[in-house]
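Chains as they are written, first to last, in our numbering: chain A, 25 to 272; chain B, 170 to 491. Every residue gets a Cβ at the ideal spot worked out from N, C-alpha and C, and that includes glycine.
Here is the structure:
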């Protein structure tokens, strides 16, 4: 069995977001980059499947050489090998096409991605990738169990969850629930040492066409000062919610 | 070239997000000098209503193979309807269903897909729209020159515009194929009678300041009085006091309701990311230095166990008089 986990290299969740070059570029100055949290839930689930079944586990990222430490971290957590498709990931449709071009001959039984990246939040790559590879796509996946090639998956739906069944191959776009927060793994020293020797293949990007372009970024407007209300006078809050905010 | 809007149904009826999407599509069609055509799946009863939000025609798809939602089949049905309608632009709500069909539709149409869209395009040539990015810490203006477009709009960000118009209703057919049914639905487990978080106009949320899961009764009562959905912070979901589906924030659900009441939540940057597009934020916290007050519109420094019951009483009095 072969598993592919696609990983985004994203600013840490505590990052303050700023832009440069007349608000056209993300300012990565002073930013720590991490494995996209949604992808980390998927990677951890994949590790558990690998441990239970002996499956091979490949991690993949589309990005420049500066994203390799993120792939090495995934190798330190336990992936067998890594692939970096050498391209600037500026357009989600383009990224999906590049991964599909690489994966189409690899016969992966299971592909796991995060449901979205925490930087651009497109949620586009997983569904497009599954469609290019002609395999089922499970979005917002919060549970996965495997028996032979038959999988039981749980996905979040508006106001609840749905359990589905089907045969591999399939693509899961995961999030918390696929494993719990406390099951996430911190690479051990031995893992970090071993990761240095594991194969990291760089694949040249083929011809690409970008469908979308970021014209500019904006930061939210700074809020006016908060109106403080005395704890003994909650009636004033109710009044303001009615007359000023007009929400009740 | 028309605009096609997927008019989503939940248990066979429309919700506010549906009317927002149809209103958006109608205004977009107007800007592009064309018409908006709606598609409904497994909901024929309400189809004619969509004229009131600007749909010039409604394609009604009822087929036994599509009675329950299936992202593959629904995506293919939307693609078929777009061909039928001669549409080059497709509008979808960025709900859970929308998110699981939009990328399939866009890949099949070789379309430019822009998700989390907040506004009508600022320019139609090149087509440029504003969307949320960096987990709501920022916005980005995206443009696309793709001949085919799919626009997925954020719920609660669009006005519902009732035009008083009427529409023609036409039946449209699509039957799920074997390939659409590679996954089969075994069971659906839906919390009944609860307001869905992403579409809720009012949200009451609580965090570690509540001290334990046994204290959520007053949060649920406050939500009930307001008709609000309940949410929680990440630590509270992680320790298992509340279900993960309630976690709002950077790695949970991003919401933008009319009113967000945060109780016993300090306001870490990751939490603010998911909620700071809320139009009005009320913060109740014992710590006057809690960073959340800087992002709030209204603040009360006080103990939740005293303030919340008083607020419930005050709201009951207000509701009784209004």
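Of all the CB atoms in chain A, is at least one closer than 8 Å to the CB of residue 456(B)? Not closer than 8 Å to any Cβ of chain A, the Cβ of residue 456(B) fails to qualify, so no.
For residue 241(B), which option in 173(B), 189(B), 205(B), 346(B) has the closest C-alpha, if you only look at C-alpha atoms? Across the set 173(B), 189(B), 205(B), 346(B), the C-alpha of 346(B) shows the shortest separation from the C-alpha of residue 241(B).
Quick one: which residues of the stretch 53–72 of chain A get their C-beta closer than 8 Å to a C-beta of chain B? List them in chain order. Of all residues in the stretch 53–72 of chain A, only 61, 62 place a beta-carbon less than 8 Å from a beta-carbon of chain B.
Beta carbon of residue 29(A) nearer than 8 Å to that of residue 83(A): Yes, the Cβ-Cβ distance between residue 29(A) and residue 83(A) is below 8 Å.
Would residue 46(A) pass as an interface residue toward chain B - the criterion being a Cβ-Cβ separation below 8 Å? No, its Cβ sits nowhere closer than 8 Å to a Cβ of chain B.
Using DSSP with H/G/I as helix, E/B as strand and the rest coil, what is residue 415(B)? It is helical.
Please confirm whether residue 152(A) has its beta-carbon closer than 8 Å to some beta-carbon of chain B. At a cut-off of 8 Å, the C-beta of residue 152(A) has a neighbouring C-beta in chain B.
Quick one: does residue 156(A) have its CB under 8 Å from some CB of chain B? At a cut-off of 8 Å between C-beta atoms, residue 156(A) counts as an interface residue with respect to chain B.
Simplified DSSP assignment, three categories, for residue 293(B): When secondary structure is reduced to three states using DSSP, residue 293(B) falls in the strand class.
May I ask which residues mark the beginning and end of the alpha helix (DSSP H) holding residue 404(B)? Looking at the DSSP string, the run of the alpha helix (DSSP H) that includes residue 404(B) is 403–407.
Using a Cβ-Cβ cut-off of 6 Å (strictly less than) and excluding sequence neighbours within five positions of residue 180(A), which residues of its own chain qualify? Excluding residues within five positions, the ones whose Cβ falls inside 6 Å are 164, 166.
Comparing alpha-carbon positions, which option in 69(A), 25(A), 44(A), 39(A) lies nearest residue 198(A)? Selected option, being the one with the closest Cα: 69(A).
Identify the contact partners of residue 182(A) in chain B, using a Cβ-Cβ distance below 8 Å as the criterion. Against chain B, the beta carbon of residue 182(A) has neighbours under 8 Å at 179, 264, 265, 266, 365, 367, 368, listed in chain order.
Residue 432(B) versus chain A: which residues are under 9 Å apart at the beta carbon? The premise fails here: residue 432(B) is roughly 12 Å from chain A at the closest Cβ pair, so nothing lies under 9 Å.
Beta-carbon neighbours of residue 460(B), restricted to chain A and to distances below 7 Å: Neighbours of residue 460(B) on chain A: none; closest Cβ ~11 Å, over 7 Å.
Let me confirm a value: residue 349(B) is counted as buried when at least 16 other C-beta atoms fall within 10 Å, else exposed. Which label applies? With 16 or more Cβ atoms within 10 Å of its Cβ, residue 349(B) is classed as buried.
Under DSSP, the beta strand (DSSP E) around residue 262(B) begins and ends at which residues? Residue 262(B) -> beta strand (DSSP E) spans 256–262.
Which of the three DSSP states is assigned to residue 478(B) in this structure? DSSP, read as helix, strand or coil, puts residue 478(B) in helix.
Could you check if residue 242(A) belongs to the surroundings of the ligand ZN, using beta carbon to heavy atom distance under 7 Å? The model on display carries no ligand, and the ligand ZN is accordingly not part of it.
Chain-ordered chain A contacts of residue 196(B) [CB-CB under 9 Å]: Counting only Cβ-Cβ distances below 9 Å, residue 196(B) has no contacts in chain A at all, with the closest Cβ about 21 Å away.
Limits of the unbroken alpha helix (DSSP H) element including residue 311(A): Not covered by the structure: residue 311(A). The range shown for chain A is 25 to 272.
Please tell me whether residue 232(B) and residue 342(B) are closer than 8 Å, where the distance is taken between their beta carbons. Yes, these two residues count as a Cβ contact at 8 Å.
Under 8 Å from the C-beta of residue 391(B): neighbouring residues of chain A: Against chain A, a Cβ distance below 8 Å from residue 391(B) picks out nothing, because the smallest value is about 11 Å.
Could you have a look at residue 181(A) and say whether DSSP puts it in helix, strand or coil? Three-state result, residue 181(A): strand.
Would you list, in chain order, the members of the stretch 309–332 of chain B that have their beta-carbon closer than 7 Å to a beta-carbon of chain A? Cβ proximity to chain A below 7 Å picks out 309, 310, 311, 312, 313, 315 from the stretch 309–332 of chain B.
Specify the secondary structure class of residue 142(A) as computed by DSSP and reduced to three states. DSSP places residue 142(A) in coil when its eight states are reduced to three.
I'd like to know whether the C-beta atoms of residue 301(B) and residue 145(A) end up nearer to each other than 8 Å. Cβ atoms of residue 301(B) and residue 145(A): closer than 8 Å.
Which of the three DSSP states, helix, strand or coil, is assigned to residue 150(A)? The answer is helix: DSSP assigns residue 150(A) an H, G or I state.
Three Cβ pairs or more, each shorter than 8 Å: is that satisfied between the stretch 177–191 of chain B and the stretch 213–233 of chain B? At 8 Å Cβ cutoff, the stretches touch.
Which residues does DSSP pair with residue 300(B) in a beta bridge? Partner(s): 286(B), 309(B).
Interface residues of chain A facing residue 175(B) [CB-CB closer than 8 Å]: In chain order: nothing, as chain A lies at least about 14 Å away.
Is it the case that the Cβ atoms of residue 327(B) and residue 193(B) are separated by a distance below 8 Å? Yes. Within cutoff.
Got a sec: is the Cβ-Cβ distance from residue 29(A) to anything in chain B below 8 Å? So, not an interface residue.
Can you tell me the Cα-Cα spacing of residue 212(B) and residue 256(B), whole angstroms? If you take the alpha carbons of residue 212(B) and residue 256(B), they lie about 21 Å apart.
Check each candidate in 423(B), 396(B), 334(B), 401(B) and name the one with the smallest Cα separation from residue 367(B). Comparing Cα-Cα distances from residue 367(B) to each of 423(B), 396(B), 334(B), 401(B), the minimum goes to 423(B).
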